[in-house]
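Protein chains in written order, with our numbering: chain H, 1 to 173; chain B, 174 to 299.
Note that beta-carbon positions come from the ideal geometry of N, C-alpha and C, so glycine has one too.
Report on the following structure.
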């Protein structure tokens, strides 16, 4: 299994919080290498979230985690690491996925997010319709689901080197 | 022998597929693999072919216990609706999805899928 999970005792799933150096409480922190199983992380996140949060919140967190990580792995530079974190920040829960990608892809992601933040429900319908009519290129259904289905606010943070991109999905606890 | 009895069940560890009777299929578990098309997509296509061969007007698919599907799997449902629309009008059939409105992905996805499918999909939410 090509992943490293950081928890209190480096076991999966974690049993207690991790105190992050960035001042928030990291619940799960995973460094990911290309080619590993997103399916495994989904089981891991859902089981953990169900142990801490109500069922629907756990489902939302697992859904957003799965979709953002799939996107990150699909569009990453193979030589760079992907990281995943679930964290508490004040009254919010955050899913934070970082990868490295080519500038053109990052530009596209920014454009997609602008469109998504205007009307998530309409973009969700548009994406499914696009799949049905098979028009257009590869869609953004995963990102839209993290926003519309998981009901999370999506934010993009760019690193200084022009290739690092962090997607933060957050919602109130 | 009915075409349904010969359906190849998908070899995917995270889901359990049952053919309960010729008109009723149940899917349970989760679909989070990167490319479910290779397994589940082939199964859906086989079901579609069996429905057409047997000239059925309706089939029921119970997804109430399918607690999560990724976006690649959502696209498989979209494909299924497209196959139905690709049939001559007199061969088209309906898929009745039994869903659980408490499950996040089912509540949001099937509301849109039903609309987009233009009567090919019907949702019965419990």
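message = Residues of chain B with CB closer than 9 Å to the CB of residue 38 of chain H, please, in chain order.
response = Chain B residues near residue 38 of chain H: 205, 206, 207, 243.
Inset, instruction - Thinking residue 276 of chain B and residue 294 of chain B are a contact (beta carbons under 8 Å), I'd like their distance in whole angstroms, please. - result: Their Cβ separation, rounded to whole angstroms, is 17 Å, which puts residue 276 of chain B and residue 294 of chain B out of contact at 8 Å.
When the distance is taken between beta carbons, is residue 237 of chain B closer than 8 Å to residue 271 of chain B? The answer is yes: Cβ separation under 8 Å.
- Query: If we count Cβ pairs, one from each stretch, closer than 8 Å, do we get three or more for the segment 146–164 of chain H versus the segment 101–115 of chain H?
  - Reply: In this structure the segment 146–164 of chain H lies against the segment 101–115 of chain H, because at least three pairs of beta carbons, one per stretch, are closer than 8 Å.
Is there at least one Cβ from chain B nearer than 8 Å to residue 63 of chain H's Cβ?
Among the residues facing chain B, residue 63 of chain H is included, as its CB has a counterpart in that chain under 8 Å away.
Worksheet item: Which residues share a DSSP beta bridge with residue 270 of chain B?
Response: Answer is B:234, B:296.
Express the C-alpha separation of residue 297 of chain B and residue 283 of chain B in angstroms, rounding to a whole number. Straight through space, the alpha carbons of residue 297 of chain B and residue 283 of chain B are spaced by roughly 10 Å.
ask   = Which two residues bound the contiguous beta strand (DSSP E) that contains residue 75 of chain H?
value = No beta strand (DSSP E) contains residue 75 of chain H, which DSSP labels as neither H nor E.
- Message: Within the continuous alpha helix (DSSP H) that includes residue 132 of chain H, where are the two ends?
- Response: Start and end: 120–133.
State yes or no: is the C-beta of residue 234 of chain B within less than 8 Å of the C-beta of residue 182 of chain B? In this structure, residue 182 of chain B does not lie closer than 8 Å to residue 234 of chain B by Cβ.
- request: Work out the CA separation of residue 178 of chain B and residue 274 of chain B for me, nearest whole Å.
  value: One C-alpha to the other measures close to 30 Å.
**Request:** Please confirm if residue 117 of chain H has its CB atom under 8 Å from at least one CB of chain B.
**Result:** Not one chain B Cβ lies under 8 Å of residue 117 of chain H.
Answer yes or no: the CB of residue 142 of chain H versus the heavy atoms of the ligand SAH, is any distance below 7 Å?
No copy of the ligand SAH occurs in the structure displayed, which carries no ligand at all.
- prompt: Going by beta carbon distance, what residues of the same chain come within less than 8 Å of residue 188 of chain B, once the five residues before and after it are set aside?
  reply: Excluding residues up to 5 positions away in sequence, 200, 201, 202, 203, 204, 213, 239 lie with their Cβ nearer than 8 Å to the Cβ of residue 188 of chain B in the same chain.
Inset, instruction - Write down the C-beta distance between residue 223 of chain B and residue 70 of chain H rounded to the nearest angstrom, noting that I regard them as a contact closer than 8 Å. - result: Not really, about 31 Å apart at Cβ, beyond 8 Å.
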